[in-house]
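Enquirer: Just so you know, the protein sequences line up as chains A and B, in that order.
Following this note's numbering, the numbering of the first sequence begins with 12 at its first residue and continues without gaps.
Following this note's numbering, the numbering of the second sequence begins with 12 at its first residue and continues without gaps.
The structure that follows is given in the form of structure tokens.
Protein chains: 2
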Amino acid sequence: MKIDGIDKIIIKTLVKDARTPVLSIAREVGISGAAIHQRLRKLEKLKLIDGYHMKLNPKVLGYTTTAFVGVFLDSIGEVKAVTKQIKNIPEVVESHYTTGNYPIFIKILCKSNDHLLSLLQNNIQTIKGISRTETLISLSQQINRQISI
Amino acid sequence: MKIDGIDKIIIKTLVKDARTPVLSIAREVGISGAAIHQRLRKLEKLKLIDGYHMKLNPKVLGYTTTAFVGVFLDSIGEVKAVTKQIKNIPEVVESHYTTGNYPIFIKILCKSNDHLLSLLQNNIQTIKGISRTETLISLSQQINRQISI
DNA sequence: TCTGAAATCCGTTTAGG
DNA sequence: CCTAAACGGATTTCAGA
């Protein structure tokens with residue numbers, strides 16, 4: 012797996028704006044569009060490129076609060092069943108199976124503190140197998156980026 | 012701010028694949044490409060669309076482990092200074108200012124447990140103002156999505 | 001908001017060094 | 001790994017309903 016400087020420019024450009032035309036990258040680095048195209052195919056085949064996605068701004072939809080919730084279980088065997096239930100809650104955007112304090116750790120978006128409370132009490136804590144939760148509210152996010160290449 | 016069914020199709024399509032041609036969406040919903048184009052401009056003006064980004068697969072780069080680190084500070088006044096230092100660590104992909112157990116909560120990617128240990132001992136814990144840390148290792152991630160519309 | 005057409009530009013393939 | 005050429009199809013703009 013060789014990733015040279017040209018590949019890095021292609022990647023950095025498209026991480027920033029996935030709709031940058033291939034030909035504009037080609038002009039930038041001074042090779043043909045077809046060559047950029049071939050390199051993109053290579054990077055996709057390597058699975059280094061996972062996809063191209065529109066990013067939504069949750070705040071415009073009213074989701075102003077991010078919270079992390081550590082989930083304790085009655086027994087560790089229930090991870091799968093509980094995760095399946097958690098998947099049905101649309102406000103949950105990440106779920107991790109973890110070692111440390113909690114077996115399950117999730118990230119949720121909510122519209123207000125009341126919404127957060129309601130999610131915890133009416134959705135998350137009513138799932139069978141969950142014994143209790145610990146919440147961490149993100150007041151603001153200073154870093155949000157991908158791994159650097 | 013009105014988002015109708017057509018807007019939702021546009022958004023869902025581009026969230027899944029940001030490079031879907033406007034004209035293919037147009038055929039899907041049965042209106043002209045120009046109309047889709049106008050709606051996209053509208054959604055961008057609303058700031059609902061935050062951007063279009065290539066998503067990298069950290070595993071292909073060797074980053075197989077995700078960890079969350081709760082950071083305790085000597086004094087709460089040091090949040091800004093410490094965050095600035097944290098930003099210099101490339102493995103840190105998220106940093107949150109939080110209420111709860113920790114004032115700062117970060118997400119990091121690492122290549123191995125040794126790498127994680129080295130990051131904690133040689134990078135994070137050497138930052139002036141950090142008193143101690145608590146680590147949560149993600150063994151696997153079951154959910155990774157955006158807010159639903 | 002939408003359409004349809006025009007103009008311009010792009011992605012992709014192919015043949016070849 | 002690259003180029004150049006060519007085709008099909010895309011984005012974008014604009015006038016008008």
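All residues carry an ideal CB built from backbone N, CA and C; glycine is no exception.
#1: Does any residue of chain A have a CB that is nearer than 8 angstroms to the CB of SER86 (chain B)?
#2: At least one CB of chain B closer than 8 angstroms to the CB of PRO32 (chain A): is that the case?
#3: Counting only beta-carbon separations shorter than 8 angstroms, does THR144 (chain B) have a partner in chain A?
#4: If distances are taken between C-alpha atoms only, which option among A:LYS13, A:MET12 and A:ARG50 comes closest to LEU25 (chain A)?
#5: Would ILE119 (chain B) and VAL93 (chain B) qualify as a contact pair, given that the criterion is a beta-carbon distance under 8 angstroms?
#6: Quick one, which residues of the segment 90-101 of chain A are near chain B if we go by CB-CB under 8 angstroms, in chain order?
#7: Mind reading off the beta-carbon distance from GLY62 (chain B) to ASP28 (chain A)? Whole number of angstroms is fine, and I expect it under 8 angstroms.
#8: Leaving out the 5 sequence neighbours to the left and right, which residues in its chain are closer than 8 angstroms to LEU57 (chain A) when beta-carbon positions are compared?
#9: Could you tell me if LEU34 (chain B) is buried or exposed, where buried requires 16 or more neighbouring beta carbons within 10 angstroms of its beta carbon?
#10: With DSSP as the reference, please indicate the residues paired to HIS64 (chain B) in a beta bridge.
#11: Could you check whether LEU130 (chain B) and GLN157 (chain A) sit closer than 8 angstroms to each other, using their CB atoms as the reference points?
#12: In whole angstroms, what is the alpha-carbon distance linking ASP125 (chain B) and LEU54 (chain B)?
#13: Verify the contact flag: ILE117 (chain B), CB atom, against every heavy atom of the ligand ZN, threshold strictly below 7 angstroms.
#14: Can you look up LEU120 (chain B) in the DSSP assignment and give me helix, strand or coil?
#15: So is HIS107 (chain B) in contact with chain A if we call contact Cβ pairs under 8 angstroms?
#16: Kindly give me the distance between the Cβ atoms of THR144 (chain B) and LEU150 (chain A), rounded to whole angstroms, as I take these residues to be in contact under 8 angstroms.
#17: Using only CA atoms, which one of B:GLU105, B:LEU147 and B:LYS139 lies nearest to ASN155 (chain A)?
#18: Would you check if the distance between the CB atom of ASN134 (chain A) and the CB atom of ILE100 (chain A) is smaller than 8 angstroms?
#19: Let me see if you follow: with CB-CB separation under 8 angstroms, is ASN124 (chain A) close to chain B or not?
#20: Tell me, to the nearest whole angstrom, how far the beta carbon of GLY81 (chain A) is from that of ASN112 (chain A); I am working on the premise that it is less than 8 angstroms.
#21: Do you know offhand how far THR137 (chain B)'s Cα is from TYR108 (chain B)'s?
#22: Given a limit of 8 angstroms on CB to CB distance, which residues of the segment 52-63 of chain A reach chain B?
#23: Please classify GLU55 (chain B): does DSSP put it in a helix, a strand, or coil?
#24: Output the distance between the C-alpha atoms of LYS38 (chain A) and LYS91 (chain A), rounded to the nearest integer angstrom.
Expert: On the basis of the supplied data:
#1: Output row for SER86 (chain B): interface = no.
#2: no
#3: no
#4: A:ARG50
#5: no
#6: If the cut-off is 8 angstroms between Cβ atoms, the segment 90-101 of chain A has THR94, ILE97, LYS98 and PRO101 near chain B.
#7: Indeed they touch by this definition, with Cβ atoms about 7 angstroms apart.
#8: MET12
#9: exposed
#10: Secondary-structure assignment with DSSP links HIS64 (chain B) through a beta bridge to A:HIS64.
#11: no
#12: 45 angstroms
#13: In terms of ligand content, the structure shown is empty, and the ligand ZN therefore cannot be addressed.
#14: strand
#15: yes
#16: 19 angstroms between Cβ atoms; not a contact.
#17: B:GLU105
#18: yes
#19: no
#20: 6 angstroms
#21: 19 angstroms
#22: LEU57, LYS58, LEU59, ILE60, ASP61, GLY62 and TYR63
#23: helix
#24: The residue asked about is misnamed: residue 38 (chain A) is Arg in this sequence, not Lys. Their Cα atoms are separated by approximately 50 angstroms.
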